[in-house]
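Enquirer:
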Amino acid sequence: YNELQSEGRIGELGAPLREMFDHDPPGHLVRYLQGVQSHPGIGQIVLLLDEFSRTTDAYHHGRLDESFFQMWRGLLQDTRLHVKFIVVVQQQAYDGMAARVQGGQDDPAWPLLELGEKLPLSPLSDMDALHLIEWPMRNYLEFPPEISAQLYLLTGGSPFMIQAFCFKLVHHMVQLNKRRVDASDLERISMEFLSPTESLFAHLLDVIRGVANSICAHLARMADEEHAAQPHVAPTVTQEQLSAALPTIPTDRLRRTLQELCDHHVLVRVGTSEWRFASLLFQRWLALNSVAEG
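Going by the numbering used here, the sequence shown opens with residue 19, and the numbers climb by one from there.
1. Is DSSP giving residue 65 helix, strand or coil here?
2. From the DSSP output, read off the bridge partner residues of residue 294.
3. Within this structure, are the beta carbons of residue 112 and residue 144 separated by less than 8 Å?
4. Under 8 Å Cβ to Cβ from residue 115, same chain only, skipping five residues before and after it: list those, please.
5. Excluding sequence positions up to five away, which residues of its chain have a Cβ less than 7 Å from the Cβ of residue 173?
6. What is the rounded straight-line gap between the Cα of residue 88 and the Cα of residue 44?
7. For residue 118, which residues in the same chain have their Cβ closer than 7 Å to its Cβ, ignoring the five residues on either side in sequence?
8. By alpha-carbon positions, which one of 79, 284, 64, 253 ends up nearest to residue 109?
9. Given this structure, state the Cα-to-Cα distance separating residue 103 from residue 91, to the nearest angstrom.
10. I'd like the list of long-range same chain contacts for residue 219, defined as Cβ closer than 7 Å, with 5 residues on each side in sequence excluded.
11. Between 154, 158, 146, which lies nearest to residue 167 when the distance is taken from Cα to Cα?
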């Protein structure tokens, strides 16, 4: 890589990847991986296919045909390769495919996803999330314990949110030539994520469709009022408060939807009948940008 970067004529080559894989893409990838494995000292290769849900979205919008998934299924079953594959799919997309298949519809991605072992991914534990916040930047930034805890509440233990928030935080601290993070820094970065067009929460918005959207909008606004009074406390809302605000939603359906939102790590249950958002940042965004309907 370094040699390519220092090669003055590299710009003359253009971007060859599309042309390279126009013909027999599975064969090209197999030969590439075999070439990597032929180097001495190479151990087990693990190929991570992140955001694979994007390919199913592209298929349903007519940008990919079903042969794409057939090729990948063939690669995953290719006995010439000694490669482990990890395919990351959003839970909502996986559940949608499963529902379509159970309803008798064909989905070309499903035969591929049936291969291998299924492993649901949960948000990080409190300790792991704090390590992810502090350790990568420990030589550059200082996090007092209360600041790390507040950043954890903002991101809800989501590695994706932690990375996005900390990326902006580092840039902000460098601009200020400042090392010790305080509450004003967290607030400044939080404000950068509150735009109506912010894409950080797209995967959460996919989950809160239908009645869940109305429940979350009301919960966010109620919690935001409480948060304004106690900014360093994760605000909770009782089921009774939600029932009063949403009289058209039957109690059983409200309870069931709240539990489903917990299962998808949108909400956290506190005690027997109180609820809060897993991510305080998402709560603030939703309170500011959603329209709560009764």
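Positions of the beta carbon are idealized from the N, C-alpha and C atoms, including for glycine.
Expert: If we stick to the structure as given:
1. Residue 65 sits at position 47 when you count from the first residue of the sequence shown. Note: residue 65 maps to strand in three-state DSSP.
2. Translated into the one-based positions of the sequence shown, residue 294 becomes position 276. Residue 294 is bridged to 286.
3. For the purposes of this step, residue 112 is identified with residue 94 of the sequence shown, where counting begins at 1. For the purposes of this step, residue 144 is identified with residue 126 of the sequence shown, where counting begins at 1. The answer is no: Cβ separation not under 8 Å.
4. Translated into the one-based positions of the sequence shown, residue 115 becomes position 97. 74, 125, 127, 128, 131.
5. Counting from one through the sequence shown, the residue named residue 173 turns up at place 155. Taken in chain order, the residues that qualify are 179, 180, 183, 297, 299.
6. Here residue 88 refers to the residue found at position 70 of the sequence shown. Here residue 44 refers to the residue found at position 26 of the sequence shown. Using only the alpha carbons, I get a separation of about 10 Å.
7. Start at 1 with the first residue of the sequence shown, and residue 118 comes out as number 100. Only 125 meet the Cβ criterion.
8. One-based indexing of the sequence shown puts residue 109 at position 91. Residue 284 is the option with its Cα nearest to residue 109.
9. One-based indexing of the sequence shown puts residue 103 at position 85. One-based indexing of the sequence shown puts residue 91 at position 73. Roughly 11 Å separates the two Cα atoms.
10. Taking the first residue of the sequence shown as position 1, residue 219 is located at position 201. Cβ neighbours of residue 219 beyond the five flanking positions: 300, 303.
11. Stepping through the sequence shown from its first residue, residue 167 is reached at position 149. The residue with the shortest Cα to Cα distance from residue 167 is 146.
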